[in-house]
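Data first, discussion second: the structure below is written as structure tokens.
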Amino acid sequence: MSKNVLSNIDLSAIRQQFPILDRQVKGKQLVYLDNAATTQKPKAVIDTLTDYYSRYNANIHRGIHTLAEEATIAYESTREKVRGFINAKHVEEIIFTRGTTESINLVANSWGRSQLKEGDEIIISTLEHHSNIVPWQLIAKEKGANLRVVPIGDNGEFLFDEYLKLLSANTRMVSVVHASNALGVINPVKQIIEAAHRMGALVMVDGAQSTVHLDIDVQDLQADFFAFSGHKVYGPTGVGVLYGKKEILESMPPFQGGGEMIREVSFKETTFNELPYKFEAGTPNIADTIALGSALDLITSIGKLNIRHHEDELLAYATNALLSIESLRIMGNTPNKVSVCSFVIDGVHPQDIGILLDNQGIAVRTGHHCTQPLMARLGIPGTTRASFAMYNTFEEIDILIAGIQKVIRMMK
Ligand code: PLP
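First residue of the sequence shown: 170, per the numbering used here; consecutive thereafter.
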């Protein structure tokens, strides 16, 4: 426990805010290390959901009664919180979506369909999640554009020189992951964006894994688009964010048609609403969006730097301990990482590791992590991934290591 005191955060106070961490799994205290898949929810988020449905459930924007007004104010206040959280310049640059996947699909469909033409090129990297591959593949096929893929080194590092070679006057979009969900490696997105802009291409950053760990400043990055999911930043599922530069969003056609995104509709013609509503067709996910605001408040009150410091310590501690296991190999063991440890063990299938750890109350993720092309590049079917959040402890890592050693004894 003494190690936990070194960090600038009060771990036991933080853990108390996450009721699920108290539960038992298979008769053992839960050790939740699947945070890259989804984070657990603090009481503040759960209470916000209950409060909304108990006190002011109403549809937003068009109602003039008190409940509708309260709901609208709460919903729009989350937009402002998100703006501050990623340092966007204008609040109307924040579009609420269902998550990172929908945000990328929005850009691929709206920007891509209206802008791409035959022979244009879209650059992605080998590290991408399927969510940042498939939408581009679909639109590229439809428009006769080509997908180019930046190769990686054996440790998962983005090969910048190879990227520069791929950039050309044909490049229209570069869409890259900020931090890899499968390996944890952080891409040099600022430099990637600078180089793309020099060639006149736009850049979309998949921030699904970075937003919870790193300080995000979209103005400093100069990102044209940035996406993240609420459920990976201690918020609810079913809500996410697309940031886009105002002038680019303004030039894009709507993604979906329906209520809310219109200014005026006649059977002859429809005119569209202003930003951000142009991209928010239909009744949005009001409760979860408001609760996302509570999640961001919690992160801000604890302090992103404090959280990062603690997670870096957890990562270093776990990396050292894992490397002491002889038959274990960490995939993507680079210096610049978020708190994700992905590993393989000689002769033991990741799925068996996952099941046997679950029997000990330890939740990790196994498989290809929705990055099949990355797994193919690394020459493995999948990994076991332990990913750490602000509420994880050094004791939990000790339990993980003991659990892995037990698995190895059982399987050999
Ligand atoms: N991109 C990355 C890097 C991810 O880790 C994930 C989810 O795991 C996604 C995109 C998709 O996020 P969502 O399923 O929340 O839309």
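Glycine included, each C-beta is placed from N, C-alpha and C at the ideal position.
Nearest to residue i (by Cα), restricted to the options the options
{"i": "ILE361", "options": "ALA227, ASN350, ASP179 and MET373", "result": "MET373"}
{"i": "PHE265", "options": "TYR244, LEU383, THR503 and ASN278", "result": "TYR244"}
{"i": "LYS506", "options": "ARG252, ILE570 and PHE557", "result": "PHE557"}
{"i": "SER294", "options": "ALA240, GLY232, GLY253 and ILE355", "result": "ILE355"}
{"i": "ALA365", "options": "TYR222, GLY376, PRO519 and LEU335", "result": "LEU335"}
{"i": "GLU419", "options": "ASN315, PHE394 and TYR403", "result": "PHE394"}
{"i": "PHE448", "options": "LYS401, VAL434, GLU438 and GLY427", "result": "GLY427"}
{"i": "ARG231", "options": "TYR446, LEU484, PRO542 and HIS537", "result": "TYR446"}
{"i": "GLU482", "options": "THR469, LEU461, PRO504 and ILE468", "result": "PRO504"}
{"i": "VAL345", "options": "ASP323, SER181, SER300 and GLN209", "result": "SER300"}
{"i": "ALA205", "options": "SER435, ALA351 and THR469", "result": "ALA351"}
{"i": "LEU199", "options": "LYS575, ASP527 and GLN574", "result": "ASP527"}
{"i": "ILE468", "options": "LYS581, ILE233 and GLY253", "result": "GLY253"}
{"i": "ASP521", "options": "ILE215, GLU271 and LYS575", "result": "LYS575"}
{"i": "ARG546", "options": "LEU371, PHE327, ILE417 and ASP386", "result": "PHE327"}
{"i": "LYS581", "options": "ASP515, SER435, TRP305 and GLN306", "result": "ASP515"}
{"i": "PRO304", "options": "THR270, ILE417 and PHE329", "result": "THR270"}
Same chain, Cβ closer than 6 Å to residue i, neighbours up to 5 away in sequence not counted
{"i": "GLN186", "result": "PRO211 and LYS212"}
{"i": "LEU236", "result": "TYR225 and ALA227"}
{"i": "ILE308", "result": "ALA277 and GLY281"}
{"i": "GLY268", "result": "SER398 and GLY409"}
{"i": "TYR221", "result": "ALA456 and ILE459"}
{"i": "ASN454", "result": "GLY407 and VAL408"}
{"i": "PRO422", "result": "SER279 and SER283"}
{"i": "ARG248", "result": "VAL260 and ILE263"}
{"i": "THR439", "result": "ILE431"}
{"i": "ASP386", "result": "ASN256"}
{"i": "MET170", "result": "Note on MET170: pLDDT 38, under 50, position unreliable in the model; no value is reported."}
Contacts around residue i, its chain only, beta-carbon distance under 8 Å, and the 5 residues preceding and following it disregarded
{"i": "MET579", "result": "LEU525"}
{"i": "ASP466", "result": "ALA213 and LYS250"}
{"i": "LYS415", "result": "LYS258, HIS259, GLU261, GLU262 and LEU444"}
{"i": "LEU390", "result": "VAL358, LYS359, ILE362 and VAL374"}
{"i": "GLU311", "result": "ARG282"}
{"i": "HIS382", "result": "ALA348, ILE476, ARG477, GLU480, VAL507 and SER508"}
{"i": "ILE183", "result": "ILE471, MET559 and TYR560"}
{"i": "ARG317", "result": "GLU290, ILE291, ILE292, ILE293, LEU335 and THR340"}
{"i": "GLY288", "result": "GLY313, ALA314, ASN315 and ASN339"}
{"i": "GLN388", "result": "ASN256, ALA257 and LYS258"}
{"i": "SER337", "result": "GLU290 and MET368"}
{"i": "LEU180", "result": "ASN173, HIS479, TYR560 and THR562"}
{"i": "GLN306", "result": "LEU316"}
{"i": "LEU175", "result": "Confidence at LEU175 is low in this model, with a pLDDT of 46, below 50, so its placement is unreliable and no value can be given for it."}
Proximity below 8 Å, CB of residue i to CB of residue j
{"i": "ASP191", "j": "ALA532", "result": "no"}
{"i": "THR535", "j": "GLY548", "result": "no"}
{"i": "THR553", "j": "GLY523", "result": "yes"}
{"i": "SER493", "j": "ILE577", "result": "no"}
{"i": "HIS298", "j": "THR488", "result": "no"}
{"i": "SER511", "j": "GLY313", "result": "no"}
{"i": "ARG341", "j": "ILE302", "result": "no"}
{"i": "ILE653", "j": "TYR412", "result": "Look at the range of the chain in this structure, 170 to 581, and you will see that residue 653 is not part of it."}
{"i": "ARG498", "j": "VAL517", "result": "no"}
{"i": "MET544", "j": "GLY325", "result": "no"}
{"i": "GLY530", "j": "LYS197", "result": "yes"}
{"i": "ALA396", "j": "GLY376", "result": "yes"}
{"i": "GLU331", "j": "VAL319", "result": "yes"}
{"i": "PRO405", "j": "LEU461", "result": "yes"}
{"i": "LYS437", "j": "THR207", "result": "no"}
{"i": "ILE178", "j": "GLN209", "result": "no"}
{"i": "LEU296", "j": "ILE321", "result": "yes"}
{"i": "GLU429", "j": "GLY451", "result": "yes"}
Contacting residues, own chain, Cβ-Cβ under 7 Å from residue i (five flanking each side not counted)
{"i": "ASP384", "result": "LYS473"}
{"i": "GLU239", "result": "TYR225"}
{"i": "ALA555", "result": "LEU202, ALA487, CYS510, VAL533 and LEU569"}
{"i": "LYS172", "result": "Legend: pLDDT at LYS172 = 47, less than 50; position of this residue unreliable, no value from coordinates given."}
{"i": "ILE229", "result": "ALA237, ALA240, THR241, TYR244 and ILE455"}
{"i": "LEU333", "result": "ALA364"}
{"i": "SER246", "result": "GLY462"}
Rounded Cβ spacing between residue i and residue j (contact assumed at less than 8 Å)
{"i": "PHE424", "j": "LEU275", "result": "5 Å"}
{"i": "ALA490", "j": "ILE566", "result": "6 Å"}
{"i": "SER463", "j": "THR217", "result": "4 Å"}
Just list the alpha helix (DSSP H) runs in the region 525-549, keeping only unbroken ones of 4 residues or longer that don't cross its boundaries, in chain order.
-> At a cut-off of 4 residues, the continuous stretches assigned as alpha helix (DSSP H) that sit fully inside the region 525-549 are 541-547.
Ranges of the beta strand (DSSP E) found wholly within the region 262-295, counting only runs of at least 3 | Segments of the beta strand (DSSP E) lying fully in the region 262-295: 263-266 and 290-294.
Considering only residues of the region 352-378, which uninterrupted alpha helix (DSSP H) runs meet the minimum length of 4 residues and lie entirely inside it, listed in chain order?
-> DSSP runs (the alpha helix (DSSP H)) wholly in the region 352-378: 358-367.
Mind pulling the alpha helix (DSSP H) runs of 4 or more residues that sit fully within the region 404-436?
-> Counting only runs of 4 or more, we get 415-420.
Sequence ranges, alpha helix (DSSP H) only - wholly within the region 442-528, length at least 4 = The alpha helix (DSSP H) runs of length 4 or more contained entirely in the region 442-528 are, from start to end of the chain, 455-471, 473-492 and 519-527.
4-residue-minimum alpha helix (DSSP H) runs that sit fully inside the region 305-347, ordered along the chain = If we require 4 residues or more, the alpha helix (DSSP H) runs fully inside the region 305-347 come out as 329-335.
Considering only residues of the region 207-232, which uninterrupted alpha helix (DSSP H) runs meet the minimum length of 4 residues and lie entirely inside it, listed in chain order?
-> You should have 212-220.
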